[in-house]
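First comes the structure, then the notes that go with it.
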Amino acid sequence: MPRTKKIVTESLPETDVKQIKALLSTLVEYAKKKLYLSRYDGVYALNRLLSLFRFDSPEEPLPDIPDFQTGLLDPLVDYAVKNGLTTDEERLLFETEMMGLVTPSEGEVIARFDQTCSMEGAPRATQYLNEISVNSNYIRMADINKNIRWTANFPEGNLCVTINLSKPEKSNAEVARQKSLPQTGYPKCMLCLENLGFRGSLTHPARETIRIIPLFLNDEAWFMQFSPYVYFDEHVIAVSETHHPMQITDETFVRLMDFTEMFPHYFLGSNADLPIVGGSILSHEHYQGGKKVLPMFSRPARKNFASKKYPSVSIATLDWYNSVIRLTGRIRDEVQAAAHDILAAWRSYSDESQHVIAKTDQPHNTVTPIATMENDNYVLYMILRNNRTDELHPYGIFHPTEDMHNIKKEGIGLIEAMGTFILPGRLQKELSAIAKILSDGNTPDFRSLSEENNPLSKHFDMIIQMVNEFGTSLSTKEARSKIIDRVNTTCQKILECTAVFKNTEDGQKAFEKFLNSVEITLA
Ligand SMILES: [Zn+2]
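Numbering (my numbering), first residue to last: 1408 to 1930.
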């Protein structure tokens, strides 16, 4: 869609124009300081900015750099909207275009990353890429900081819970308008290499500020970038250069291990390759990783196993909510061989006593694999998954049941399977409203609550249970803490639902029986 471009600056008071010109020069100073923009690129960038704003000469920068978002970017974009350089709807696109002009080029970032990697090591290099990603506003930290986060402490394993407020929910009118916009099919998806420098549209994020690092995984061309959503510390994504669907094969293990050899301070994991148990994007092969801060990593072994086939590999089931096998060893080939045997066996393994059926008219068994390095050992976690549905469980037999959908309905991907929950932003308002019901001393109007257009109707059963249990005269603080407890235990139950072998004596025996089928026995 063409942007309206009117040159109306001459009619503006001269002081306003002077101030905006000074902010543009200040933005370049910001980029020199925070994005390592060189002096020469600084001169170049300032001229590109002047052209974007239809100015023919600059002003001196401000003596001090104001707040990045509210003092620098917002007034510049406000000016651009007011003067027809962009529209209010396209503010974010304009802001990203502007930041793209002062962010060092892709080639420059790759060169600096490689140099830092060889001189100062991989952790310093990834820190550099993270810094660029945050300071260019590719990662919008001001938005991310709006998220509400807490830790749920449980003896069976702590969980991290985030209510995701950084993605504002769209109004119905916006959704309808966006649906009516033409789709070009370029780039093919949000992960394709062609996003690099892409202007974006109202339906596709602007990516002039994304910077990626090419890498070879399993001798294939991949690249890594930071996730703009930051679901945990230094959340990175490794993406295949070609647009092809997610697939879990032996090669997945090779790629994950190649990555963790290069970046031993990070983990890397793949979502499963089937719907319900996979991530939200199944169409483009990609993995997710970052700092090893996800709760599953701190869990001990539940039972130790061994196999004569791979004597150097320590094999354990993990003391965690779902069914995890952990392989640890110094000899990479042996860890890979064990992973191969487990995956191959699991793909066709059925145990009807546990409702695990490998295939109906389609395959159901897969794994969520995650690799890390610990003290020079290769560590591979394999979370066993099954996505079968039946009449009683239309959403999935190993998926949260309907009574939990008010909290989480979407597929449980690898980040959540490891104990980091990302819950929808709508919950902030809804949970506050429920806290009010529990503390205002009156009998709630159950009839209106159950009406479909009431945003609390999806919580109806939970509200009835909580009112029965706690009454409606709690203090505001008590009410909030009861609701948080409720969310926390729901997250626990959600993870338990995803366990193909339940954490019962019978379930764990069945787990052992599966391992025995691959000649892995109790140590
Ligand atoms: Zn793609």
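Every residue, glycine too, gets a C-beta built ideally from N, C-alpha and C.
Distance, residue j Cα to residue i Cα
| i | j | result |
| --- | --- | --- |
| S1932 | A1708 | Nothing about residue 1932 can be reported from this structure: the residues present for the chain run from 1408 to 1930 only. |
| F1670 | A1529 | 6 Å |
| I1927 | A1723 | 10 Å |
| A1917 | F1908 | 7 Å |
| L1453 | K1439 | 11 Å |
| Y1802 | I1472 | 52 Å |
| A1824 | G1514 | 36 Å |
| M1408 | A1583 | Note that M1408 has pLDDT 43, beneath the 50 cutoff, so the model's placement of it is unreliable and the number below is only indicative. Going from the Cα of M1408 to the Cα of A1583 covers about 17 Å. |
| N1910 | D1758 | 16 Å |
| L1457 | D1463 | 6 Å |
| I1644 | E1781 | 21 Å |
| I1619 | Y1788 | 27 Å |
| P1511 | S1857 | 54 Å |
| I1804 | M1869 | 22 Å |
| R1410 | I1829 | A caution first: R1410 carries a pLDDT of 48, below 50, which makes its placement in the model unreliable, though a value can still be read off. Their backbone Cα atoms lie some 36 Å apart in a straight line. |
| K1699 | K1836 | 31 Å |
| E1601 | A1532 | 24 Å |
| S1687 | I1814 | 17 Å |
| A1744 | N1678 | 21 Å |
| G1478 | L1821 | 38 Å |
| L1701 | G1878 | 36 Å |
| S1525 | I1891 | 46 Å |
| V1774 | W1727 | 16 Å |
| S1760 | R1795 | 15 Å |
| T1391 | D1448 | Here the chain covers residues 1408 to 1930 and nothing more, so residue 1391 does not appear. |
| I1414 | T1493 | Low local confidence applies: a pLDDT of 45 at I1414 is under 50, so the model's placement there is unreliable, and no value is given. |
| P1862 | S1587 | 26 Å |
| Q1915 | S1880 | 43 Å |
| L1609 | S1924 | 52 Å |
| I1570 | T1649 | 33 Å |
| L1508 | E1527 | 28 Å |
| E1504 | I1655 | 37 Å |
| V1684 | P1652 | 15 Å |
| G1607 | T1591 | 11 Å |
| I1617 | D1680 | 26 Å |
| T1808 | L1663 | 32 Å |
| E1615 | N1537 | 16 Å |
| V1516 | I1777 | 28 Å |
| F1666 | F1853 | 54 Å |
| T1905 | V1742 | 25 Å |
| Q1632 | A1549 | 20 Å |
Residue i Cβ short of 8 Å to ligand 1 heavy atom set
| i | result |
| --- | --- |
| H1611 | no |
| L1603 | no |
| P1682 | no |
| L1598 | yes |
| S1690 | yes |
| P1770 | no |
| K1595 | yes |
| H1650 | yes |
Top-ranked residue by Cα proximity to residue i, from the options
| i | options | result |
| --- | --- | --- |
| Y1593 | R1887, A1613, N1554 | A1613 |
| P1470 | G1564, L1500, S1432 | S1432 |
| D1810 | T1897, K1439, G1507, A1746 | T1897 |
| K1441 | L1622, I1738, I1539 | I1539 |
| K1595 | E1919, E1692, A1628, A1751 | E1692 |
| A1429 | P1468, L1480, G1478 | P1468 |
| Q1476 | P1702, V1435, S1608, N1544 | N1544 |
| K1766 | L1459, A1752, V1424 | A1752 |
| S1714 | N1552, E1903, L1929 | L1929 |
| G1377 | A1840, M1505, R1792 | In this structure the chain extends from 1408 to 1930, so residue 1377 is not present and cannot be described. |
| K1865 | D1550, Y1694, R1833 | R1833 |
| W1895 | Q1590, I1555, V1568 | Correcting the residue type first, residue 1895 is Asn in the shown sequence and not Trp. Out of Q1590, I1555, V1568, V1568 has the C-alpha closest to the C-alpha of N1895. |
| D1481 | T1735, I1427, E1741 | I1427 |
| R1486 | F1520, V1541, K1425 | Checking the displayed sequence, the identity of residue 1486 turns out to be Tyr instead of Arg. Closest by alpha carbon: K1425. |
| D1913 | H1762, V1484, I1738, W1629 | H1762 |
| E1563 | K1920, L1750, P1831, L1725 | L1725 |
What alpha helix (DSSP H) runs, 4 residues minimum, are completely inside the stretch 1704-1790?
1739-1754
Do the stretch 1635-1642 and the stretch 1495-1511 meet, that is, are 3 or more Cβ pairs less than 8 Å apart?
no
Could you pull out every unbroken beta strand (DSSP E) segment of at least 3 residues lying fully inside the stretch 1678-1706, listed in chain order?
1693-1697
Between the stretch 1845-1852 and the stretch 1877-1886, can you find at least three pairs of beta-carbon atoms closer than 8 Å?
yes
With three or more C-beta pairs closer than 8 Å as the rule, is the stretch 1648-1668 touching the stretch 1622-1629?
yes
Taking only runs of the alpha helix (DSSP H) that begin and end inside the stretch 1627-1664, which ones reach a length of at least 4 residues, in chain order?
Whole alpha helix (DSSP H) segments, 4+ residues: zero.
What alpha helix (DSSP H) runs, 4 residues minimum, are completely inside the stretch 1456-1507?
1481-1489
Mind pulling the alpha helix (DSSP H) runs of 4 or more residues that sit fully within the stretch 1545-1570?
1548-1551
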